[in-house]
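Participant: One structure, pasted below without further comment.
There are 2 protein chains.
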Amino acid sequence: MDDKLMLMIPGPTPVPEKALLALAKHPIGHRSGDFSQIMAEVQENLKWLHQTQNDVLILTASGTGAMEAGIINFLKRGDRVLCGCNGKFGDRWAEVATAYGLNVEIISAEWGQPLDPEKFREVLEADTEKQIKAVIITHSETSTGVLNDLETINRHVKNHGEALIIVDAVTSLGAVNLPIDEWGLDVVGSGSQKGYMIPPGLAFVSVSPKAWEAYKTADLPRYYFDLGPYRKTAAKNTNPFTPPVNLFYALQVSLQMMKAEGLENIFARHHRLMTMTRDAVKGLNLPLFAPDHAASPAITAVCPPESIDAEKVRSIMRKQFDIVLAGGQDHLKGKIFRIGHLGFVCDRDILCAIAALETTLQQLN
Amino acid sequence: MDDKLMLMIPGPTPVPEKALLALAKHPIGHRSGDFSQIMAEVQENLKWLHQTQNDVLILTASGTGAMEAGIINFLKRGDRVLCGCNGKFGDRWAEVATAYGLNVEIISAEWGQPLDPEKFREVLEADTEKQIKAVIITHSETSTGVLNDLETINRHVKNHGEALIIVDAVTSLGAVNLPIDEWGLDVVGSGSQKGYMIPPGLAFVSVSPKAWEAYKTADLPRYYFDLGPYRKTAAKNTNPFTPPVNLFYALQVSLQMMKAEGLENIFARHHRLMTMTRDAVKGLNLPLFAPDHAASPAITAVCPPESIDAEKVRSIMRKQFDIVLAGGQDHLKGKIFRIGHLGFVCDRDILCAIAALETTLQQLN
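Residue numbers (my numbering), protein chains in the order written: chain A, 14 to 378; chain B, 14 to 378.
Here it is, written out as structure tokens:
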């Protein structure tokens, strides 16, 4: 039905009406006092959302841009970095690091399984000469619905002492507890079309004082993604380059909504949505792709038996019920489908998606 | 007056209501057939606007991102490049090129004056060993209101034969004739908040077959701005990274409007707006910053006598008439003000701005 689509993909996620209407306001000049007021409010609320006193810088880019900036600003050519790879996004950060001439060592797990923190501990403990300069981890692996044990891996990084921890929090920020200051996370990247509940186009990077120390000697080439000018201008509530003013309007609104709901409530809601989804999928006798102990509160991947084509499930859900699910990426295409429950999603949405899924399965069998 | 601002800055430019309302539509999935349809239409219309059969790639970034991508995808570390500098943006592209380790030779002119094509001819003709790999030119220098003689400079580049021509068309595209295929322009960068008549957040790069040849051996590090994947996915009407879906809605609408107006009418309108503005400023006995023969159809910089503080003019225009003018950048702050007449601007807007300017000047003297 026209204009009736319900997005249950891991981004873009549903956008509240208030944020949509804010997008339609006429842009103002980005060098104006009015815009600086928005910047000031938004920056304060971003720190609240990130549970940090660190800088949280705002880029015009996708989440990949945030992660690229998070990697290339704090390292030197040839630096040894560990990259956790258990899905499409972990692989991508290894590609970024390789593209810039870093010495990338991959610690992998099968897609659908979490990274093993012990493997990180072993490699980090063996590095007595402190040559490892960064550990890059995807918190919630969007491609598989796996939540990696960032807290434990980060503890090993902290024991190492030298390496920075660089985190892809694209689908975890605003969905699961990520206390940046309490854990001491150095660099955390995220994107607007996820837990932020607004359309794509903005990306965020939080940067710790330790990372800024490393910035001083970092030598990878960069200009648009050089975070120094972002930091300098952020202190004056402005930006180095023209920002997407209308997305800032929407961000202002959505952060206000998040603050009104409260972090604990947001996390509890996502946990509940995840549990409802997983329980229902189990009730339908469909296998879950990620194990319970490593399940992402943002997205649930379902791995139907071979007799059921995952793309067929998506197609019926889309055509008959106007619900958009995500498919599998790369080698998982046709093998899994993914139910997004991230951002502006309530219990009713899950109930509705599950009811539609049940009817779809009946049709397929 | 609240919500009554009239933007006469060189970006963001005024946005038509139709495009604003398109922004407020709920995002759809960017991997959907519906989004690919938008991509297909938008890509075709971008080629029309660029007067080219070259790829016109779409990035989530500001215009600076487009120019960085346009520089770093086609060159090798240490390559000799000529950069035309006669304003803030020319200077910026020299900074980008330097940041990536290119061997940058600057050909400059005073801010407010156009680049001298003869200087380019001399240096290019002297380069018999064809070591110059690119010439980077800002077409309309937003900081000064100068339109550089791209056509002549490009002719010298073509006679050189080896060098690519890389053009910042951020405030010229959609304002003045820029026949990419006819002139053989290799790389042309632009941004959505200018002639495109939509808010900031999208950037565009057109790439010639010759530039793609250079891409094969280019070795500057890049990932988010690597144009190869943009080209590959554009052929399938999709994107390598999550695009700002809502800005695409607006772009779709604004390109339809531009097509309906027609390129010749758009250029004629901008020429008329420029002439009206310059004639009126002369009538008010205020000196123009750029000479008539090198005046940008996008923006007019006015250089009032020392007795009149340019910032004071802007302040009264803003407070009393709700008209936003741009100030001078860098060393020109307080010395010039700039009247934007780019994009969704009609004769009435100029009439109105000039009447307000006249009243403002009376107040100041």
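Every residue, glycine too, gets a C-beta built ideally from N, C-alpha and C.
Nearest to Ser205 (chain A) by CA position, among A:Gly125, A:Gly114, A:Pro242, A:Gly76, is which residue?
Facilitator: Minimum Cα distance to Ser205 (chain A) is reached at A:Gly76.
Participant: Taking buried to mean at least 16 other C-beta atoms within 10 Å of its own C-beta, is His152 (chain B) buried or exposed?
Facilitator: It counts as buried.
Participant: Does Ala37 (chain A) have its Cβ less than 7 Å from a Cβ in chain B?
Facilitator: It does; some Cβ of chain B falls within 7 Å.
Participant: What number of angstroms, rounded off, separates the C-alpha of Leu18 (chain A) from the C-alpha of Ile41 (chain B)?
Facilitator: Cα to Cα, Leu18 (chain A) sits roughly 8 Å from Ile41 (chain B).
Participant: Tell me the rounded alpha-carbon separation between Gly187 (chain A) and Lys89 (chain B).
Facilitator: Their backbone Cα atoms lie some 41 Å apart in a straight line.
Participant: Compare the C-beta of Ser75 (chain A) with all C-beta atoms of chain B and state if any pair is closer than 7 Å.
Facilitator: Answer yes: the Cβ-Cβ gap between Ser75 (chain A) and chain B drops below 7 Å somewhere.
Participant: What is the DSSP secondary structure of Gly83 (chain A), reduced to helix, strand or coil?
Facilitator: Looking at Gly83 (chain A) - three-state DSSP - the assignment turns out to be helix.
Participant: Buried or exposed: where does Glu57 (chain B) fall if 16 or more other Cβ atoms within 10 Å of its Cβ makes it buried?
Facilitator: Burial call: exposed.
Participant: Please name the residues in the stretch 346-378 of chain B whose beta-carbon is closer than 7 Å to at least one beta-carbon of chain A, in chain order.
Facilitator: Cβ contacts with chain A come from no residue of the stretch 346-378 of chain B.
Participant: Considering just the uninterrupted stretch of the beta strand (DSSP E) at Cys96 (chain A), what are its terminal residues?
Facilitator: Counting along the chain, the beta strand (DSSP E) containing Cys96 (chain A) begins and ends at 93-98.
Participant: Taking Cβ-Cβ distances shorter than 8 Å, what residues in chain B pair up with Pro40 (chain A)?
Facilitator: In chain order: Leu20, Pro25, Val28, Gln206, Pro212, Pro213.
Participant: Starting from Ala339 (chain A), trace the beta strand (DSSP E) in both directions and tell me its first and last residue.
Facilitator: Residues 336-340.
Participant: Extract the residue ranges of the alpha helix (DSSP H) inside the stretch 162-189 of chain B, only unbroken runs of 4 or more that lie entirely within it.
Facilitator: If we require 4 residues or more, the alpha helix (DSSP H) runs fully inside the stretch 162-189 of chain B come out as 163-173.
Participant: Below 6 Å CB to CB, which residues in the same chain sit around Asp92 (chain B) once its five sequence neighbours on both sides are set aside?
Facilitator: If we look at Asp92 (chain B) and ignore the five residues flanking it on each side, its Cβ neighbours are Leu115, Lys146.
Participant: Compute the Euclidean distance between the alpha carbons of Asp181 (chain B) and Leu137 (chain A), then round it to the nearest angstrom.
Facilitator: Rounded to the nearest angstrom, the two C-alpha atoms are 46 Å apart.
Participant: Determine, using beta carbons only, whether Leu33 (chain A) comes closer than 7 Å to chain B.
Facilitator: Yes, Leu33 (chain A) counts as interfacial toward chain B.
Participant: Could you have a look at Leu351 (chain A) and say whether DSSP puts it in helix, strand or coil?
Facilitator: With the sequence shown as reference, residue 351 (chain A) is identified as Arg, and Leu is not the correct amino acid for it. Of the three classes helix, strand and coil, the one that applies to Arg351 (chain A) here is strand, per DSSP.
Participant: Mind listing, in chain order, the continuous alpha helix (DSSP H) runs of no fewer than 4 residues lying wholly within the stretch 289-346 of chain A?
Facilitator: Runs found: 323-334.
Participant: Looking only at C-alpha atoms, which of A:Ala74, A:Asn99, A:Leu215, A:Thr290 sits nearest to Ile120 (chain A)?
Facilitator: When each option's Cα is compared against that of Ile120 (chain A), the closest is A:Asn99.
Participant: Does chain B have any CB closer than 7 Å to the CB of Ala112 (chain A)?
Facilitator: Yes, Ala112 (chain A) counts as interfacial toward chain B.
Participant: If Pro212 (chain B) sits next to Val258 (chain A), beta carbons under 8 Å apart, how far is it from one beta carbon to the other, in whole angstroms?
Facilitator: About 6 Å separates the two Cβ atoms, so the contact holds.
Participant: If the cut is a Cβ gap below 8 Å, which residues of chain A does Pro192 (chain B) touch?
Facilitator: Correct list: empty, because the minimum Cβ distance to chain A is about 26 Å.
Participant: In chain B, which residues lie with their C-beta within 9 Å of the C-beta of Pro256 (chain A)?
Facilitator: Correct list: Ser75, Pro213, Gly214.
Participant: Extract the residue ranges of the beta strand (DSSP E) inside the stretch 192-219 of chain B, only unbroken runs of 3 or more that lie entirely within it.
Facilitator: The qualifying runs are 200-204.
Participant: With 7 Å as the threshold, decide whether the Cβ of Tyr209 (chain B) is near any Cβ in chain A.
Facilitator: Not closer than 7 Å to any Cβ of chain A, the Cβ of Tyr209 (chain B) fails to qualify, so no.
Participant: Which residues mark the beginning and the end of the alpha helix (DSSP H) in which Asp362 (chain A) is found?
Facilitator: Note, Asp362 (chain A): alpha helix (DSSP H), 360-377.
Participant: So Val379 (chain A) is in the alpha helix (DSSP H); what residue range does that whole segment cover?
Facilitator: In the structure as shown, chain A begins at 14 and stops at 378. Residue 379 (chain A) is therefore absent and cannot be evaluated.
Participant: Mind checking Ser320 (chain A): buried by the 16 CB within 10 Å criterion, or exposed?
Facilitator: The residue is exposed, with fewer than 16 neighbouring Cβ atoms inside 10 Å.
Participant: Please look up how many angstroms separate the CB atoms of Val189 (chain B) and Gly83 (chain B), rounded, as I've assumed it's under 8 Å.
Facilitator: Wrong, their Cβ atoms sit about 19 Å apart, outside the cutoff.
Participant: Note down, in chain order, every chain A residue with its Cβ under 7 Å from the Cβ of Val109 (chain B).
Facilitator: Result: Tyr236.
Participant: If distances are taken between C-alpha atoms only, which option among A:Leu301, A:Asp16, A:Ile178, A:Leu286 comes closest to Trp225 (chain A)?
Facilitator: Among A:Leu301, A:Asp16, A:Ile178, A:Leu286, the Cα nearest to that of Trp225 (chain A) is on A:Ile178.
Participant: Strictly by DSSP, which residues pair up with Ile149 (chain A)?
Facilitator: DSSP lists A:Cys96, A:Ile179 as partners of Ile149 (chain A).
Participant: How many angstroms separate the CA atom of Leu260 (chain B) from the CA atom of Cys359 (chain A)?
Facilitator: Cα to Cα, the separation comes out at about 26 Å.
Participant: Between the stretch 190-210 of chain B and the stretch 258-278 of chain B, do three or more beta carbon pairs fall short of 8 Å?
Facilitator: Yes: the two stretches touch, three or more of their Cβ pairs being nearer than 8 Å.
Participant: To the nearest angstrom, how far is it from the Cα of Ala47 (chain A) to the Cα of Arg351 (chain B)?
Facilitator: In the sequence as displayed, the identity of residue 47 (chain A) is Asp instead of Ala. Their backbone Cα atoms lie some 19 Å apart in a straight line.
Participant: Given a cut-off of 7 Å, decide if Asp68 (chain A) and Arg244 (chain A) are closer than it, judged by their beta-carbon atoms.
Facilitator: Going by C-beta atoms, Arg244 (chain A) is nearer than 7 Å to Asp68 (chain A).
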